[in-house]
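Counting from -12, one number per residue, gives the positions in the sequence shown under the working numbering.
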Amino acid sequence: MASARARRMVATWVLPIAFLVLATLYSVVVPPWETPDEPGHFRYVEFLRRTASLPVQDGQIPAHQPPLYYALAALAILPADLSDTSGALRPNPRFVWAGNGGTEINAARHTTAETFPFRGHSLALHLARLVSVVLGAATVALVVVTAREIFPEQGHYWLLAGAAAAFNTQFIFLSGAINNDAMAALAGAGAIRATLHAWRGQARGRTWLTIGIWLAACFLAKTTALGILLASTLVLLVSLGSCRTLSQASARCGAFAAPLIVVVGFWFGRNQVLYGEPTGSTIYRSFWTQNLATGPLAVDHLDDIVWTQFRSFWGLFGWMNLPAPGWYYAGLAVAALCATIGVCDLLARPEAHTTGGRGTRAAIAIALLFVAAQEAFVLWLIGECGGSCHQGRYLFPAILAVALLLGSGIGRVLERLNARSRAVSIVFTCTLGVAALAMPFGLIGPAYSGPPEAKSTLLSVDRRPSVRIGEAFELAAYEIEVAPTRDRATIRLFWRARQVPDLDYSAFLHLVDGTGRLVAQRDRAPGVDRDYPPTSWAVGDIVRDERVIELPADFPTGGFHWRLGLYDWRTGVRLPVLDGSRRDFVELIP
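This is how it looks when you write it as structure tokens:
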């Protein structure tokens, strides 16, 4: 008995722990500021931390958002020194959505200061991201536990449901970023789980109060979770038919509504005081006009909306500009089709194939209600805010319901096909897990690889002179590699920006013989070969500068020397070496 309980506990926690590891990995691999609206979310958290007060809508901070997630993140970043701007946002003017005709996918120009060990703004960002990681893992745990309760004897059902949440790469991606979607997903999952408990006859005195608390948390997390409130309210109204007395019905409604009245009253009252109307939408529209729809929702655009929403529910990274491979979407589309067929079959004839009979059918119907209500609200939202609301993440408050439908639907199809349901479910789960693990290394990371090196790069370089050349440049390290044929040498220079250079100074690399005669040279601005010239650098950047020089035939015995320096290409004037030697070059020792 104890062994069976232990196995059950291990099985329950495998997926949440796997998600925790993956989301933490994503939070480190995905560069700062490369998730939707992360700069604005960070400003909100930073404002709360600095002032211990809520921001007012000003067009810079998304202050129209309720504060629950941001308050948690503000507590998490307490160890960070916000006066240290290391890793602060540097907007990329060539970003595709910057409005300058650019085509680059990165919203920010990334720097060495963003890399480990983190400090300042970079540390604050990663601490806030970890809040999302924990919230996402808690959501997956609720999905698994709820699925096991509803399908106690269908192991493949709950496994598939858990995998649909734990290995959803978009949910992992956003749970590794600063945003309030993970908080909305957790609160929505809690509300759906509590509602299922109430409907399945597991209601106790505080169950409807629990639902109300979860719904209040939904509202405090993100107002776009309104579909969850609508579905829960409908379930409450239907459940009133089972109340034996008016006082029982009143108590149920009161417990459900009390937390909402407190929270909604606080938020609407604050908006009324600040903006003269309870929703704050009028001033929001004045600041965010570019996000608003220019006309009513057109039916002929529904196919584009559905396709965009589908892709961005499962994996459309960056600022909705880094798609997953086509095979990933195709496989998930097939899975979604199978789930649809399976759910229809379960709703039509559940008794012959599942434990729980009508109770199972009711749970699936309620899950379908939550998904439909949230989707209906999102469609209304699209009519208000246009293309920016096509994103699948607006369905995350209903992710528990979506996972239940996917798990039970696919599981039912496997049963109908007389397939080895357990084995196929494990293979499907592992496939999703491998895809989720591959995305950061095979797609996201390479898409944002940039010229600045990580701080740890210098640890693997033997020669680290740390010599200042002029006020802005430091030769932090170098290595010289002579080919076995002795006909060429590769010189890798690692520059560190002590200040932002005021000019794209050229760096000369000279090979001179024993008499000082110039034998070979390579001149160019450091980083220019990687489209990262000196005037693009940020303070602290480490920039690799690799050059290949052909060697003379008598190189091994000719007493040659390497000399390195910087000069103003317009005048030829060299920058001084600031080591007290009064020289204008550095000798490189092989």
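Each residue gets a CB set at the ideal place from its N, CA and C atoms; glycine is no exception.
Residue i to residue j span [Cα, whole Å]
i, j, result
"H340", "C417", "Bear in mind that the predicted position of H340 carries a pLDDT of just 48, short of 50, making it unreliable; the figure below should be weighed with that in mind. Taking the straight line from one Cα to the other gives about 25 Å."
"A58", "L112", "14 Å"
"R517", "A507", "23 Å"
"F572", "M426", "45 Å"
"L227", "L334", "23 Å"
"T210", "G149", "26 Å"
"G302", "A174", "22 Å"
"V400", "R336", "13 Å"
"A470", "V321", "53 Å"
"P521", "E461", "12 Å"
"A459", "H108", "23 Å"
"A125", "A181", "15 Å"
"C240", "S234", "10 Å"
"L382", "A512", "49 Å"
"F243", "S14", "36 Å"
Buried versus exposed call for residue i [16 or more other C-beta atoms within 10 Å across all chains shown]
i, result
"L224", "exposed"
"L110", "buried"
"L141", "The question names Leu, but residue 141 in the sequence shown is Gln. That one is buried."
"A169", "buried"
"C325", "buried"
"L196", "buried"
"F635", "Outside the displayed span of the chain (-12 to 577) sits residue 635, for which this structure offers no information."
"F103", "exposed"
"N405", "exposed"
"E468", "exposed"
"T156", "buried"
"A212", "buried"
Collapsed DSSP secondary structure at residue i in the structure displayed
i, result
"H340", "At H340 the pLDDT is 48, less than 50, meaning the model places this residue with poor confidence and gives no usable figure here."
"G394", "helix"
"Q361", "helix"
"Q508", "strand"
"G579", "Residue 579 is absent from the structure shown; the chain starts at -12 and stops at 577."
"Y57", "helix"
"A326", "helix"
"I92", "coil"
"F253", "helix"
"V469", "strand"
"E371", "helix"
"G74", "coil"
"A464", "strand"
"R557", "coil"
"F29", "helix"
"T98", "coil"
"V321", "helix"
"R106", "coil"
Short Cβ contact (8 Å threshold) for residue i with residue j
i, j, result
"F547", "V499", "yes"
"V120", "G163", "yes"
"G514", "D532", "yes"
"I351", "L387", "no"
"A484", "W524", "yes"
"S605", "G394", "Residue 605 lies beyond the range of the chain shown here (-12 to 577); nothing can be said about it."
"A203", "V250", "yes"
"I215", "A385", "yes"
"G159", "A10", "First, the amino acid is wrong: residue 159 is Ile here, not Gly. Yes, the Cβ-Cβ distance between I159 and A10 is below 8 Å."
"A661", "V130", "For residue 661 there is no data in the structure shown, the boundaries of the chain being -12 and 577."
"P439", "D555", "no"
"P3", "V118", "no"
"D24", "P49", "yes"
"L445", "A463", "yes"
"A94", "V32", "no"
"D291", "V454", "no"
"I353", "V222", "yes"
"Y465", "R479", "yes"
"I456", "G552", "yes"
*asked:* Could you tell me which whole alpha helix (DSSP H) segments of length 4 or greater appear in the stretch 149 to 219?
replied: 156 to 162, 168 to 184 and 194 to 208
_For a minimum of 4 consecutive residues, which ranges assigned as the alpha helix (DSSP H) are wholly contained in the stretch 403 to 453?_
408 to 426
*Taking the runs of the beta strand (DSSP E) that are 3 residues or longer, which of them lie wholly in the stretch 482 to 546?*
493 to 499, 505 to 511 and 529 to 537
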